[in-house]
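Colleague: Just so you know, the protein sequences line up as chains A and B, in that order. Taking this note's numbering as reference, the numbering of the first sequence is continuous, increasing by one, and the terminal residue is 1832. Taking this note's numbering as reference, the numbering of the second sequence is continuous, increasing by one, and the terminal residue is 1832. C-beta atoms are modelled at their ideal positions from N, C-alpha and C, and glycine is treated no differently. Every value quoted in this text rests on a predicted model; they were computed, and no experiment measured them. First the structure, then my questions, so here it is.
Protein chains: 2
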Amino acid sequence: MGHAVTIKDIAKILNVSVSTVSRALRDTYDVNQETKKRILSLAAELNYKPNFNATGLAQGSTHNIGVVLPFITNYYFSTVITGIQEVAYDNNYNIILFITNDSSERELSIIQNLSLSRLDGLLVSVSSNSDSCNHFQEIIDEGTPIVFFDRIASNIDTSKVMQGDYKGAFEAVEHLIESGYTKIAHIAGPKGLDFTEKRLNGYLDALKKHGLAAREEWIIFSGFSQEYGETDTYQLLQCEQRPDAIFAVNDRKAIGAIVALKNNGVIIGKEIGVIGFTDDPICTIISPSITTIAEPAFEIGTTSCDLLLKHINKKNFNPQEIILPGKLMVRDSTRRN
Amino acid sequence: MGHAVTIKDIAKILNVSVSTVSRALRDTYDVNQETKKRILSLAAELNYKPNFNATGLAQGSTHNIGVVLPFITNYYFSTVITGIQEVAYDNNYNIILFITNDSSERELSIIQNLSLSRLDGLLVSVSSNSDSCNHFQEIIDEGTPIVFFDRIASNIDTSKVMQGDYKGAFEAVEHLIESGYTKIAHIAGPKGLDFTEKRLNGYLDALKKHGLAAREEWIIFSGFSQEYGETDTYQLLQCEQRPDAIFAVNDRKAIGAIVALKNNGVIIGKEIGVIGFTDDPICTIISPSITTIAEPAFEIGTTSCDLLLKHINKKNFNPQEIILPGKLMVRDSTRRN
DNA sequence: GTGAAAGCGCTAACAC
DNA sequence: GTGTTAGCGCTTTCAC
Chain A
1496 MGHAVTIKDI AKILNVSVST VSRALRDTYD VNQETKKRIL SLAAELNYKP
1546 NFNATGLAQG STHNIGVVLP FITNYYFSTV ITGIQEVAYD NNYNIILFIT
1596 NDSSERELSI IQNLSLSRLD GLLVSVSSNS DSCNHFQEII DEGTPIVFFD
1646 RIASNIDTSK VMQGDYKGAF EAVEHLIESG YTKIAHIAGP KGLDFTEKRL
1696 NGYLDALKKH GLAAREEWII FSGFSQEYGE TDTYQLLQCE QRPDAIFAVN
1746 DRKAIGAIVA LKNNGVIIGK EIGVIGFTDD PICTIISPSI TTIAEPAFEI
1796 GTTSCDLLLK HINKKNFNPQ EIILPGKLMV RDSTRRN
Chain B
1496 MGHAVTIKDI AKILNVSVST VSRALRDTYD VNQETKKRIL SLAAELNYKP
1546 NFNATGLAQG STHNIGVVLP FITNYYFSTV ITGIQEVAYD NNYNIILFIT
1596 NDSSERELSI IQNLSLSRLD GLLVSVSSNS DSCNHFQEII DEGTPIVFFD
1646 RIASNIDTSK VMQGDYKGAF EAVEHLIESG YTKIAHIAGP KGLDFTEKRL
1696 NGYLDALKKH GLAAREEWII FSGFSQEYGE TDTYQLLQCE QRPDAIFAVN
1746 DRKAIGAIVA LKNNGVIIGK EIGVIGFTDD PICTIISPSI TTIAEPAFEI
1796 GTTSCDLLLK HINKKNFNPQ EIILPGKLMV RDSTRRN
């Protein structure tokens, strides 16, 4: 296999010093144009590739960024990663992936075992039952920047990228109201999660604005899966006052609602309207197609990564909170005729 | 932030040499039990974490493995990655993710720009239009092991992990036949891709075994997306001899077929049966639910990663080809009543 | 059983 | 504008 080409080899061949080669390669301008050219062309010819372990050791940067998130097996997160990857690739950074399975223990263990020496920064979406976020603060204190996306740790002072949860929920509910629904239920996520709260508030405020009642029995907190969507919906159908529309915290639960309603012979749209949140591709495939708020997943990824790169490249970069708006996608599940 | 704890610090505090610390930490047995204990407990107390840039530099291993694949935004690949991640995590390896967007140019550029010095091995699923695979051979020749999964480069001598494409397809078609369908069409993937060929052959052989005709107009090659599934199906409906069942190369195309048939008022199952391949969760959500061959995506991930680790840890590990069987999931799209 | 020292590939003072 | 040198944190001969 022969050993990989190093700057030493190049230096020897060209009869210059390693530092000259290093400087030429990194475009430091106190290098003679001629020798620089020779160095670059020889490097290209020899297919020289820098050893990042060495550069990392020498100057403490690795061009690796860590991405910590609950899952990747859903549309939203896998699209976010694709966005992150796009920006990272363009800037010559690599993505190291950590999956928490939405378990805070796993998250903690990942973070604590993280070898920061191999990471220039971290992009994270916290797991839903994360009670404390001290471990993140410690990382930041040790000098590794973090940018939170989607599921943020709100008490930590760093950049955050979110979708417009409040506004999206508000818009979703307003759409239901404008479509003529008046008894609007909300099947929410687990309590205590930031974005769940925001969507709930958007829901409540939209009702308030239009002078509609928010009955306690119409608001159900549970998990994020389709199964919870189903059981929540069965519960709603038992209510003393049956709702005529359901705002689901995400598309998975909206799908669960659709399934439950179908099972009970309820005509979706006409009798009970359903709206979700995410715009999972499945929304257009299922019948009836599901009205939803499209989350800008890809942009969340690119924006977060951009921001992290800024934190990495200028320390003391001022933390920013960016909220990317969602977009109402009207489909059959909220059509009354 | 203070600098991170190094073995030097530990050595100084304990009044031993760095080499002793290094040996103790790595469980090399020529270290006094007593001093070893003291070293380990101090390391734990100080929250010592090895600098992998340094270990990488010193001994040429990084505990990073690269994963190169076309997409992550679908059920199959994201589940495979989750499997890979599970094994990597347990063995203290990190995953570095590279997404080719199914473009062979991008793939080539990724591979050529790969800094092998930061990778102990590579897990790859090639992009569909990859004409040449020399770049992979070069990587292997330079000493970095590769394991292929799913979409393999068949002419390269290294370990490969696949699902039972031939057998799965055979079983799918046999299921159709046993369900009473006789005029069975196949909407395939693009020509020239290994697993597409295998599924095609499984289809052909199952027909042959049962003495059924394989008409050329019933076999359509196109892309993998739902849209192709739709257009392929419209084309089938135009055939002189209309087929009474469709074997789709994957679930996405099966969904396309379902949509197209619904649009044309065809009763799925009764008039035309549809079977897919993958077991995307959507199969159970869509109506009618889709019969399919479940791919062992998670196991593909864990198996590939296991195998790669073996290649990394013993050079000259003998390449293995592992085929993991799929599983027939019977649902409504192939029920005739 | 332990220490000294060289070296992995690169960067960054510091000379000249 | 270029070379020399020390050093990043760790492993690994080679002595003792």
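Look at SER1654/A and SER1622/A and say whether their C-beta atoms are less than 8 Å apart.
Modeller: Within the first sequence, residue 1654/A is the residue found at index 159, counting from 1. Within the first sequence, residue 1622/A is the residue found at index 127, counting from 1. In this structure, SER1622/A does not lie closer than 8 Å to SER1654/A by Cβ.
Colleague: Hey, does GLY1771/B have any beta-carbon neighbour from chain A nearer than 8 Å?
Modeller: Here residue 1771/B refers to the residue found at position 276 when the second sequence is read from its first residue. So, not an interface residue.
Colleague: With 8 Å as the threshold, decide whether the Cβ of ALA1549/B is near any Cβ in chain A.
Modeller: Taking the second sequence and counting its residues from 1, one reaches residue 1549/B at position 54. True, the Cβ-Cβ gap to chain A drops below 8 Å.
Colleague: Are any of the Cβ atoms in chain A nearer than 8 Å to that of LYS1544/B?
Modeller: Locating residue 1544/B in the second sequence gives position 49, where the first residue counts as 1. Yes, contact with chain A.
Colleague: Mark THR1773/B as exposed unless 16 or more other C-beta atoms lie within 10 angstroms of its C-beta, in which case mark it buried.
Modeller: Position 278 of the second sequence, counted from the start, is the residue given in the question as residue 1773/B. So THR1773/B counts as buried.
Colleague: For a cutoff of 8 Å on Cβ pairs, would you count ARG1646/A as touching chain B?
Modeller: The sequence position of residue 1646/A within the first sequence is 151, counting from 1. False, the Cβ-Cβ gap to chain B never drops below 8 Å.
Colleague: Return the first residue and the last residue of the alpha helix (DSSP H) that PHE1742/B is part of.
Modeller: Reading the second sequence from its first residue, position 247 is the one you call residue 1742/B. Where PHE1742/B is concerned, there is no enclosing alpha helix (DSSP H), although the beta strand (DSSP E) it sits in stretches over 1740-1743.
Colleague: Please check if any C-beta of chain A sits within less than 8 Å of the C-beta of LEU1823/B.
Modeller: The residue given as residue 1823/B occupies position 328 in the second sequence. It does not; no Cβ of chain A falls within 8 Å.
Colleague: Once DSSP output is grouped into helix, strand and coil, what is the label at LYS1686/A?
Modeller: On the first sequence, position 191 is the one that residue 1686/A refers to. It is coil, neither helix nor strand.
Colleague: Tell me, please, whether the stretch 1534-1545 of chain B touches the stretch 1569-1583 of chain B by the rule of three or more beta-carbon pairs shorter than 8 Å.
Modeller: No contact exists between the stretch 1534-1545 of chain B and the stretch 1569-1583 of chain B.
Colleague: Rounding to the nearest angstrom, what Cα-Cα distance links THR1829/A and LEU1803/A in this structure?
Modeller: On the first sequence, residue 1829/A is found 334 positions in, with the first residue counted as 1. On the first sequence, residue 1803/A is found 308 positions in, with the first residue counted as 1. Rounded to whole angstroms, THR1829/A to LEU1803/A spans 39 Å at the Cα level.
Colleague: Can you name the start and end residues of the beta strand (DSSP E) that LYS1822/B belongs to?
Modeller: Translated into the one-based positions of the second sequence, residue 1822/B becomes position 327. That run of the beta strand (DSSP E) goes 1822-1824.
Colleague: Classify VAL1769/B as helix, strand or coil using the three-state DSSP reduction.
Modeller: As a working mapping, residue 1769/B is identified with position 274 in the second sequence. Residue state, collapsed to three classes: strand.
Colleague: Name, please, each residue of chain A whose Cβ falls closer than 9 Å to the Cβ of SER1782/B.
Modeller: Locating residue 1782/B in the second sequence gives position 287, counting from the first residue. Result: LYS1757, ILE1781, SER1782.
Colleague: With a cut-off of 8 Å, does the C-beta of ILE1834/B fall near any C-beta of chain A?
Modeller: Residue 1834/B is absent from the model: chain B starts at 1496 and stops at 1832.
Colleague: Reducing DSSP to helix, strand and coil, say where VAL1562/B ends up.
Modeller: Sequence index remark: in the second sequence, residue 1562/B carries index 67 (1-based). Residue state, collapsed to three classes: strand.
Colleague: Which residue wins for smallest C-alpha separation from ASN1745/A, given the options SER1514/A, ASN1808/A, ILE1788/A, GLU1666/A?
Modeller: Locating residue 1745/A in the first sequence gives position 250, counting from the first residue. Taking only the C-alpha atoms, the option nearest ASN1745/A is ILE1788/A.
Colleague: Out of LEU1671/B, GLN1658/B, LYS1703/B, which has the shortest C-alpha to C-alpha gap to ASP1689/B?
Modeller: Along the second sequence, one-based indexing puts residue 1689/B at 194. When only C-alpha atoms are compared, the closest one is GLN1658/B.
Colleague: Nearest chain A C-beta to MET1496/B closer than 8 Å, yes or no?
Modeller: Numbered from its first residue, the second sequence carries residue 1496/B at position 1. Residue placement at MET1496/B cannot be trusted, given a pLDDT of 39 that sits under 50; what the coordinates show is reported in the next sentence. True, the Cβ-Cβ gap to chain A drops below 8 Å.
Colleague: Ignoring anything shorter than 4 residues, give me the alpha helix (DSSP H) runs that lie fully in the stretch 1616-1678 of chain B, in order along the chain.
Modeller: Listed in chain order, they are 1629-1636, 1660-1673.
Colleague: In terms of residues, what are the limits of the beta strand (DSSP E) holding PHE1593/A?
Modeller: Working through the first sequence from its first residue, we reach residue 1593/A at position 98. Element bounds for PHE1593/A: 1589-1594.
Colleague: Might you give, ordered along the chain, the residues of its own chain that have their beta carbon closer than 6 Å to the beta carbon of LEU1695/B, omitting 5 neighbours on each side?
Modeller: In the second sequence, counting from the first residue as 1, residue 1695/B sits at position 200. Closer than 6 Å at Cβ, skipping near neighbours: ALA1683.
Colleague: Whole-angstrom Cβ separation of VAL1575/B and ALA1792/B, contact assumed at under 8 Å?
Modeller: Within the second sequence, residue 1575/B is the residue found at index 80, counting from 1. Within the second sequence, residue 1792/B is the residue found at index 297, counting from 1. Between ALA1792/B and VAL1575/B the Cβ distance is about 5 Å, and since that is below 8 Å, they are a contact.
Colleague: Taking the continuous alpha helix (DSSP H) assigned at LEU1537/A, which residues delimit it?
Modeller: Within the first sequence, the letter at position 42 stands for residue 1537/A. Unbroken alpha helix (DSSP H) run through LEU1537/A: 1528-1541.
Colleague: From the DSSP output, in three-state form, read off ALA1709/B for me.
Modeller: Counting from one through the second sequence, the residue named residue 1709/B turns up at place 214. Reduced to three states, the DSSP call for ALA1709/B is coil.
Colleague: Do you know whose CA, among GLY1718/B, GLU1722/B, GLY1675/B, lies nearest LEU1702/B's CA?
Modeller: Here the question's residue 1702/B lines up with position 207 in the second sequence. Cα-wise, what sits closest to LEU1702/B is GLY1675/B.
Colleague: Between the stretch 1789-1816 of chain B and chain A, which residues of the former have a C-beta closer than 8 Å to a C-beta of the latter?
Modeller: From the stretch 1789-1816 of chain B, no residue has a Cβ closer than 8 Å to chain A.
Colleague: Compare the C-alpha of ALA1648/A against each of VAL1619/A, GLU1673/A, VAL1668/A and name the closest.
Modeller: Working through the first sequence from its first residue, we reach residue 1648/A at position 153. Nearest C-alpha to ALA1648/A: VAL1619/A.
Colleague: By how many angstroms is the C-alpha of VAL1769/B removed from the C-alpha of SER1717/B?
Modeller: As a working note, residue 1717/B is residue 222 in the second sequence. As a working note, residue 1769/B is residue 274 in the second sequence. Taking the straight line from one Cα to the other gives about 17 Å.
Colleague: Is the CB of TYR1570/B under 8 Å away from at least one CB in chain A?
Modeller: Residue numbering aside, residue 1570/B sits at position 75 when the second sequence is read from its first letter. So, interface residue.
Colleague: Got a sec, what are the start and stop residues for the beta strand (DSSP E) ILE1567/B sits in?
Modeller: As a working mapping, residue 1567/B is identified with position 72 in the second sequence. Unbroken run through ILE1567/B: none, as it is neither H nor E.
Colleague: Report the CB separation of PHE1566/B from ILE1594/B in whole angstroms; it is logged as a contact under 8 Å.
Modeller: On the second sequence, position 71 is the one that residue 1566/B refers to. On the second sequence, position 99 is the one that residue 1594/B refers to. Rounded, the Cβ-Cβ distance is 7 Å, consistent with contact.
Colleague: Between which two residues does the alpha helix (DSSP H) holding LEU1603/B run?
Modeller: Here the question's residue 1603/B lines up with position 108 in the second sequence. LEU1603/B -> alpha helix (DSSP H) spans 1599-1608.
Colleague: Could you tell me whether the stretch 1506-1519 of chain B touches the stretch 1813-1832 of chain A, using the rule of 3 or more Cβ pairs below 8 Å?
Modeller: Short answer: they don't touch.
Colleague: Using three-state DSSP, classify LEU1819/B as helix, strand or coil.
Modeller: Here residue 1819/B is taken as the residue at index 324 of the second sequence, counted from 1. Reduced to three states, the DSSP call for LEU1819/B is strand.
Colleague: Residue range of the alpha helix (DSSP H) that PHE1547/A falls in?
Modeller: Counting from 1 along the first sequence, the entry for residue 1547/A is found at position 52. Its alpha helix (DSSP H) spans residues 1547-1554.
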